[in-house]
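Using this note's numbering, you'd call the opening residue of the first sequence number 11 and step up by one each time.
For glycine and all other residues, C-beta sits at the position ideal for the given N, C-alpha and C.
Contents: one structure, followed by commentary.
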Amino acid sequence: MDIQRPRGTRDFLFEEMKERKQIENSLRDIFETYGYAEIKTPLFEDLSLFTMKSGEGITGQIYNFQDKGGRDLALRPELTAPVARLYLNELQKKPKPLKMYYFGSCFRYERPQKGRWRQFWQLGCELIGGKSPESEAEIIAMAAHSLENLGLDNFEIHIGNLGIIRGILDSADVPRETQDTIMAIIDKGEIEELKNTLKNNDMPPNTREVLLTLVGMEGHREVINNASEILKEMPESLKALKDLDELLNILEAFGFSKYTINLGIARGLDYYSGIVFEIYVHSLGAQKQISGGGTYNLIELFGGEKVESTGFAFGFDRLVECVRLCGMENKPLKTVDVYVAPITRDVKLKAFEIAQDLRKIGIRTDVDLVGRKLKKILSQANNLGADYVVLVGKRELDEDKVTVKNMKTSEQEQVDIKQIPEYFNKIK
RNA sequence: GCCGGGGUGGGGUAGUUGGUUAUCCUACGGGACUGUGGAUCCCGCGACUCGGGUUCGAAUCUCGGCCCCGGCCCCA
C-alpha cells in the first residue's frame, strides 16, 4: 500500500522549513515593533462561527464535521472570525486599542492550484478599538514595512473605501441586497456584467454613470480630486472620500506613499464597512493577491458592542513564493558546527563525552552513531557543513589530547581534552 | 465544480508504428584505501501512478480512479 498525502497539502523539508521560519520571524519582528502581541486560537471552531459571517453557502468550501458528541464543527477557513470570537470571549474589557497578531494554518475545501492549498498559512493582525483613519494608516504602513523587511519591492498596495460606493447606492435608495450583489460584481471587476446589472435595476441615470466612472478609477493622489468633482452632489460618498484622503495624509506621515488608490475594490464579504486594501504581486500569476484587509464590524455582527476594528492577513505561502521569485538563493542548510569522529570504535565512549560537552555550551554538534569508517565519517561531516571535526584517536588519547581538523583549510592541531570547550568557545 | 496539460528508481531523465533482463546522470550503501572529506574506479540499491480493457505480448493503445501542473469560478 502506498499512502499519499491528502490532496492540496504539502510536506515541508529542512531547507524549506528554514526559509519559512526566517520569513515568519521577519514578519513577527515587524508586527512586534508596532506593539502587537501574539495570540493563538483553536484549529477548529463551531461551524456557526463561519456561517454567521459568510452565510450557509460557505460550507461548500469548508472542512466541517460532527464530533462524537454531535457538535457541528469546522476547521477554520480563515482567522478573522476566530479572533473576533476570542475578543468577545476574553478581551472585551481590556483597554483599547488592542493589538494582536496570529500565525496559523487554515483549511479550505477547494481545488488546489498554484498559490492555493487546502491547508495554508495566514499571518495577520487585528487592531480593535482604534480610531478610523489613523489605525488604518498605521496598519497599511506596517504591511508595507513587513514586505520591505523581506526585501520585496514588487508589490502594489491598493486602497479603497467601500463607503464611497455604498454612499452612491444609498442615495439612490438601492436596497441592501441589491447593493451586495453589485458590490460582488465590482469586486470581480466585470465591467460588462456591472453595466447590465445596473441597467436592470431602477436608479437615476446619473447614479449609473457615476458608479461606472468611479469603479474604473485607479491611480495616485489625483484620483481624490477627480472623484470629489464627480461626487459633489452626494454628501455621504464625499465624506467617505474625505476619510480616504485623510488616511493617505497619515499614511504618508508613516512614510509610505507608493500606494494606489483603487475605488473598484469591494472585497466581496459584506462585513467590511469602510477602508479596504489589497496587496498584489503580479508575477505570482492567477493567485496574485498576497494580502487583504480593512475595517469591519464583525464584532457587532457577533453580538458585541460596536468597536472599530481593522485587520489584515498575509497569505503566508504566497509570501514565501514571492521571496523565492526575488531570487534569494537558498544556501545549503548547515545543521552542525562540529562533528566528533572516533577513529576506531573502541574510543566511541570518549567521543560521546566530548560531543556532549560541546552541546552543553551550545555548539551544534553531531557524533558518529553508526560505527562507520573514518573516511565515511569525514564525508558525512562535510555533507552536513561542519566547520570542524574532532578526531578522537588512541594515539592522542594516550597524551589526553585530540586532533581538531578545520574542514575549510584542512589544517589540524592537537588540543588538550580539557581545553576543547574553551577552544571552540573562542572560535565561536 | 468546470476546461486543458501531465505522472518512468529518492531527485532529474531516455524509451510510444506494442516485442528479451527498461537507458543515462545524480543521490544513497559498500569496497579499492588497516587512522583523514570534497577526486577516480568497481560493486550494490532502486522505477514504468493505480485498477480494468484490447492483445500471444502493454511503460507504449484504450477506459476509469488518484495525484500534480496551468487557467476559470472563488478565494489567501
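Does DSSP put Val184 in a helix, in a strand, or in coil? Translated into the one-based positions of the first sequence, residue 184 becomes position 174. Per DSSP, reduced to three states, the secondary structure at Val184 is coil, with no helix or strand assignment.
Would you give the residue range spanned by the beta strand (DSSP E) that Val291 belongs to?
Here residue 291 refers to the residue found at position 281 when the first sequence is read from its first residue. Segment: none, Val291 is in no beta strand (DSSP E) and carries neither H nor E.
Identify every residue that forms a DSSP beta bridge with Gly381.
-> Counted from its first residue, the first sequence places residue 381 at position 371. Beta-bridge pairing by DSSP links Gly381 to no other residue.
Is DSSP giving Lys141 helix, strand or coil here?
Stepping through the first sequence from its first residue, residue 141 is reached at position 131. Coil.
Quiz item: On the three-state DSSP scale, how would you describe Gly304?
Solution: Here residue 304 refers to the residue found at position 294 of the first sequence. Strand, per DSSP.
Q: Sort Asp163, Thr375 and Val291 by Cα distance to Tyr398 and report the nearest one.
A: Counting from one through the first sequence, the residue named residue 398 turns up at place 388. If we check each option's Cα against that of Tyr398, Thr375 comes out closest.
Task: 8 Å Cβ cutoff met for Gly302 and Leu172 - done: Taking the first residue of the first sequence as 1, we reach residue 302 at position 292. Taking the first residue of the first sequence as 1, we reach residue 172 at position 162. With contacts defined as CB atoms closer than 8 Å, Gly302 and Leu172 fail to qualify as a contacting pair.
_Using a Cβ-Cβ cutoff of less than 8 Å, which residues in the same chain neighbour Val412 once the five nearest sequence positions on both sides are dropped?_
Residue 412 sits at position 402 when you count from the first residue of the first sequence. Here the set comprises Ile364, Val400, Leu401, Val402, Gly403, Glu406, Gln424, Val425, Ile427 and Ile430.
Under a Cβ-count criterion, where at least 16 other Cβ atoms within 10 Å of its own Cβ denotes burial, should Val414 be classed as buried or exposed? Against the first sequence, residue 414 aligns to sequence position 404. Under a 10 Å Cβ-count criterion, Val414 is classified as buried, with 16 or more other Cβ atoms of the shown protein chains found around its own Cβ.
Reference Phe326, options Ser156, Thr51, Lys104 and Gln71, closest by Cα
The count along the first sequence starts at 1 and reaches residue 326 at position 316. Measuring from the Cα of Phe326, the nearest candidate turns out to be Ser156.
Identify every residue that forms a DSSP beta bridge with Trp131.
Here residue 131 refers to the residue found at position 121 of the first sequence. Answer by DSSP bridge pairing, in chain order: Ser115.
Original post:
Whose C-beta lies closer than 6 Å to the C-beta of Ser247 among residues of the same chain, with five residues either side of it excluded?
Top reply: Mapped onto the first sequence, residue 247 falls at position 237. Counting only residues of its own chain and dropping the five nearest sequence neighbours on each side, Ser247 has a CB closer than 6 Å to the CB of Ile174, Gly177, Ile178 and Leu241.
State the DSSP-derived secondary structure class of Thr207, mapped to helix, strand or coil. What you label residue 207 is simply residue 197 of the first sequence in a count that begins at 1. Helix.
query: Does the region 124-134 come within contact of the region 225-244, defined as at least 3 CB pairs closer than 8 Å?
result: No contact exists between the region 124-134 and the region 225-244.
Can you name the residues that DSSP bridges to Phe54? Position 44 of the first sequence, counted from the start, is the residue given in the question as residue 54. For Phe54, the pairing in a beta bridge is given by DSSP as Leu85.
Review point. Where do the N-terminal and C-terminal ends of the beta strand (DSSP E) with Leu401 fall, by residue?
Key: By one-based count along the first sequence, residue 401 stands at place 391. From DSSP, the beta strand (DSSP E) with Leu401 extends over Tyr398 to Val402.
Continuous beta strand (DSSP E) stretch holding Ser319: start and end: Sequence index remark: in the first sequence, residue 319 carries index 309 (1-based). Residues Ser319 to Gly325.
(request) Kindly indicate which three-state DSSP category Ala154 falls into: helix, strand or coil? (result) Start at 1 with the first residue of the first sequence, and residue 154 comes out as number 144. Correct three-state label for Ala154: helix.
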